[in-house]
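Peer 1: What follows is a structure written as structure tokens; I'll ask about it next.
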Amino acid sequence: MNYVVVSSIGAVLMGIFALFVRMKAAKKPTSGKKILLPPVFMSSGALMYIVPQFRLTHMEILEAVVVGMLFSILLIKTSKFEIRDNDIYLKRSKAFIFILVGLLVVRLVMKTILSSTIDFGQLSGMFFLLAFSMIVPWRIAMYRSYMKLYKELHGIKLV
């Protein structure tokens, strides 16, 4: 079976998993750790760049980072917190589901188109970097928003 097909199936499964995790997370209070740890854990994936076939050119790095940061804007706009029962919760957003599915579709289309011109290893490296470049700004924005509410909840003056 083709690598692109297998990795695309994996991306769809991860997208579905992310939807369920997000819906479940909205039912429990959040914390700074829950917001910041996922990108830290994901960063171990950068070890792929040790293998030469995954290494990227400067232009591929730039393209992946820029697209990832642009995608992060959509996630940032749909991630809001609220204070409930003296805790901070992630608000459920119907738009988030559509945005996540839309990003997944765009990613699959991009992968299908680019797989004919870019080596599979480099394409994998680009999509990892794109995902990481999307998640890091999103999680930083979430953490800042969370801390603002945390300070409000605990009576800490904002500077």
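Mapping of the sequence shown onto the working numbering: position 1 corresponds to residue 21, and the numbering continues sequentially without gaps. Each residue gets a CB set at the ideal place from its N, CA and C atoms; glycine is no exception. These numbers were taken from a predicted model, which means no experiment stands behind them.
Could you tell me how far apart the beta carbons of LYS111 and LYS100 are, in whole angstroms, since I believe they sit closer than 8 Å?
Peer 2: Rounded, the Cβ-Cβ distance is 4 Å, consistent with contact.
Peer 1: Span of the beta strand (DSSP E) holding TYR109?
Peer 2: Looking at the DSSP string, the run of the beta strand (DSSP E) that includes TYR109 is 107–110.
Peer 1: Taking DSSP as the reference, what is the three-state secondary structure of ILE176?
Peer 2: If DSSP states are grouped into helix, strand and coil, ILE176 belongs with coil.
Peer 1: Check whether the stretch 23–40 touches the stretch 116–131, taking contact to mean three or more Cβ pairs, one atom from each stretch, closer than 8 Å.
Peer 2: At 8 Å Cβ cutoff, the stretches touch.
Peer 1: For the alpha helix (DSSP H) containing ILE103, list its first residue and its last residue.
Peer 2: Note, ILE103: premise wrong, no alpha helix (DSSP H); beta strand (DSSP E) at 101–104.
Peer 1: Name the residue from ASN22, TYR170 and TRP158 whose alpha carbon lies nearest to the alpha carbon of ILE93.
Peer 2: Checking every option, the nearest Cα to that of ILE93 belongs to TRP158.
Peer 1: Does the stretch 67–76 come into contact with the stretch 140–147, if we say contact requires no fewer than three beta-carbon pairs (one atom in each stretch) closer than 8 Å?
Peer 2: Counting Cβ pairs under 8 Å, three or more are found: they touch.
Peer 1: Output needed for ALA84: all residues of its chain with C-beta closer than 6 Å, excluding positions within five of it in sequence on either side, in chain order.
Peer 2: These residues qualify, in order along the chain: MET146, LEU149 and LEU150.
Peer 1: List, from N- to C-terminal side, the alpha helix (DSSP H) runs of 4 residues or more that fit wholly inside the stretch 32–105.
Peer 2: Here the runs fully enclosed are 52–62 and 78–97.
Peer 1: With DSSP as the reference, label THR132 as helix, strand or coil.
Peer 2: THR132: helix per DSSP, three-state reduction.
Peer 1: Buried or exposed for ILE55, going by 16 or more other Cβ atoms inside 10 Å?
Peer 2: Buried.
Peer 1: Roughly how many angstroms separate the alpha carbons of ILE155 and PHE91, rounded to a whole number?
Peer 2: Looking at the two C-alpha atoms, the distance is approximately 9 Å.
Peer 1: On the premise that ILE108 lies in contact with LEU169, defined as a C-beta separation below 8 Å, what is that separation, rounded to the nearest angstrom?
Peer 2: Correct: roughly 5 Å between the Cβ atoms.
Peer 1: Compare the beta carbon distance of SER135 and MET89 with 8 Å and say whether it is the shorter of the two.
Peer 2: No, the Cβ-Cβ distance between SER135 and MET89 is not below 8 Å.
Peer 1: Checking 8 Å against the spacing of the C-beta atoms, do TYR166 and THR77 come in under that value?
Peer 2: Taking 8 Å as the Cβ cut-off, TYR166 and THR77 do not qualify as a contacting pair.
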